[in-house]
Ligand code: FAD
Ligand code: MG
Ligand code: MG
Ligand code: MG
Ligand code: MG
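Residue numbers (my numbering): 475 to 1022.
Printed below as a string of structure tokens:
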């Protein structure tokens, strides 16, 4: 077998969790989970709690199905339908998980402790407490990123939490009520009905589409007097909206928005926001202009939460932007902490950093020359350890790793020395990508990490296990590998764009139906599934509710 590469990984202190986990005197190890969003919940769902003492801290005692939050802003789906109480999720487990409704204020890695403050309303007395752990799982998500733009915190709405969505819904209706009050000039009515969305990513675009439908399908009938005064503007700093999607999708979205009368302002950066106006700078000319608004939704990018920031300072990650973990989701600089989802990023190893080690591991006969056969012996390891190789092969239309083995002139070679080997792999690292901040990534990481935790016993009995590969029948901890199942962009008017694996793009009404079925099936419980589907049915029959 060719376990050399992962063995190397272990010596580099990026070993999987099994290595040093031992039950002390039959006492269960304490696992503390921070956060009950996509990452935290999927970790808890699959964790074998018979072997751990599990505690969970989160300021909200429910899991929220975030992909449907934009639908809540316009009452297409009710807020109650997309949340599932954490206690419902964890009571199904045989064994006990302790849940505390609290916010983690500070992580103290030196003493394996966290400081928390209860978020239960109207609590009297001391609301702070601390908890100890053996293993910490950080899944606190991210916060909105204002890029320190003045006035954003005070004057913009965000769309992150269920409360935000409910607040947006009330404010939209308020804008209409304000606009129809007597004694206003037409200009004042227009201002109240100018809805501005900052950020042309999936959330901003979906919200714009949702708002447009709400207004056109429901509100114009109820507020006929102002129906021609409504305006929706999407401000995007890049050249296109939905620029993380296939070009065909972003072009379609732009055309659809232009037909719908949604104004898309690209190449534009917001410089400040007041309660009445939003100021932006055109990137091309440097010119700054201000427009009056009735409501601004801020939906650009994610930032690190203060509690994570401070933790990073303590563990030697002060210079980083995002908390870094290795490929096994272990926090760099903190042995017994793991982090997943939006609060962390996996620092992928570069193949060029390890090139000499790979060469040595592959060169079985220590001849200093690598034959094609010797190289083929480590290909599987390389593919597992360095996901960028697969991306590189794909982007260069190569069928097999051994195709890398051709020299630049396209000549096949049978053997290389270290320099030739470096040359063959020299461009592979250009394909390294960080994973997107999505529910899909967080959920896969959560279930991956729970599998690592669940297998520690087996691995203790079989200490060689973690270094073995697929097909050897032993227990193993392969690094986390993300599998992309595609991505949707609902565009309003019962149309959606879908980007599916294998460069498959589908746009239109059928994709919207696919969207309905995927999102119904992804619900965490039958209860929320029934609620969401009946909300959709209700909307089809009666329209949305427009009382605030
Ligand atoms: P979260 O799900 O945000 O969970 C964080 C958890 O930590 C929460 O329970 C929070 O209450 C808790 N917490 C916060 N601070 C603390 C603290 N100090 N102490 C303890 N707990 C704390 N992704 C997709 O893949 N598809 C989509 O269609 C999609 N649509 C989206 C639409 C919207 C409007 C938004 C906002 C996001 C959307 N996403 C989507 C992204 C997706 O929601 C996130 O990537 C995902 O939630 C990340 O999971 P997480 O567990 O890292 O964080
Ligand atoms: Mg979470
Ligand atoms: Mg969530
Ligand atoms: Mg992440
Ligand atoms: Mg050799």
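From the three backbone atoms N, C-alpha and C, an ideal C-beta is built for every residue, glycine too.
Residue range 1000–1016 is occupied by the alpha helix (DSSP H) that includes residue 1002. Leaving aside the five residues that flank residue 731 on each side, the residues in its chain whose CB is nearer than 6 Å to its CB run, in chain order, 738. If the five residues before and after residue 751 are omitted, its C-beta is found closer than 8 Å to the C-beta atoms of 764, 765, 766 and 767, all from its own chain and listed in chain order. Using a cutoff of 6 Å, the CB of residue 512 counts as near ligand 1, since one of the ligand's heavy atoms is closer than that.
Measuring C-alpha to C-alpha distances from residue 684 to each of 756, 591, 639 and 556 identifies 639 as the nearest.
In this structure, residue 549 has its beta carbon at no less than 6 Å from each heavy atom of ligand 1.
With fewer than 16 other beta carbons inside 10 angstroms of its own, residue 695 counts as exposed.
Under the criterion of beta carbons closer than 8 Å, residue 688 and residue 548 qualify as touching, at roughly 4 Å.
With respect to the 7 Å criterion, residue 810 and residue 522 are not classified as neighbours on the basis of their beta carbons. Here residue 668 is buried. Its C-beta has 16 or more other C-beta atoms within 10 Å. Per DSSP, the continuous alpha helix (DSSP H) segment holding residue 854 begins and ends at 853–859. Taking 7 Å as the cut-off, the beta carbon of residue 895 is found closer than this to the beta carbon of residue 844.
Here DSSP, grouped into helix, strand and coil, assigns residue 576 to strand. Taking 6 Å as the cut-off, the C-beta of residue 555 does not count as close to any heavy atom of ligand 1. For residue 961, the CB contacts under 6 Å within the same chain, skipping 5 residues up- and downstream, are 973 in chain order. At a cut-off of 6 Å, the beta-carbon of residue 813 does not count as near ligand 1: no heavy atom of the ligand is closer than that. In this structure, residue 538 and residue 556 form a Cβ contact; the two beta carbons are roughly 6 Å apart against a cut-off of 8 Å.
Short of 8 Å from the beta carbon of residue 969, and not among the five residues preceding or following it, lie these beta carbons of its own chain, in chain order: 730, 981, 982, 983, 985 and 986. Residue 721 has its alpha-carbon roughly 25 Å from the corresponding atom of residue 902. With respect to the C-alpha of residue 775, the residue from 512, 620, 506 and 577 having the closest C-alpha is 620. The beta-carbon separation of residue 535 and residue 575, rounded to 5 Å, stays under the 8 Å limit for a contact. Take residue 586, set aside five residues on each side of it, and the residues of its chain with a beta-carbon closer than 8 Å to its own are 606, 607, 608, 610 and 810, in chain order.
Taking 7 Å as the cut-off, the Cβ atoms of residue 514 and residue 505 do not count as close.
The C-beta distance from residue 781 to residue 579 rounds to 6 Å, short enough to meet the 8 Å contact threshold. The distance from the Cβ of residue 594 to that of residue 573 is about 12 Å, inconsistent with a contact at the 8 Å cut-off. Using a Cβ distance threshold of 7 Å, residue 622 and residue 749 do not count as a contacting pair.
Taking the C-beta atoms as reference points, residue 954 is found nearer than 7 Å to residue 922. Contact check for residue 913 against residue 716 fails: the beta carbons are separated by 7 Å or more. Assignment of residue 869 by DSSP, reduced to helix, strand and coil, places it in the helix class.
Ranked by Cα distance from residue 677, the first of 871, 773, 760 and 624 is 773. In the DSSP annotation of this structure, residue 978 is not part of any alpha helix (DSSP H); the continuous beta strand (DSSP E) holding it starts and ends at 978–982. The region 608–644 is shown to contain whole alpha helix (DSSP H) runs of 4 or more residues at 626–629, in chain order.
Within the same chain, Cβ atoms closer than 6 Å to the Cβ of residue 714 are found at 724, the five residues on either side in sequence being excluded. Counting only runs of at least 4 residues, the region 660–710 fully encloses the following alpha helix (DSSP H) elements, listed from N- to C-terminal order: 660–666 and 676–688.
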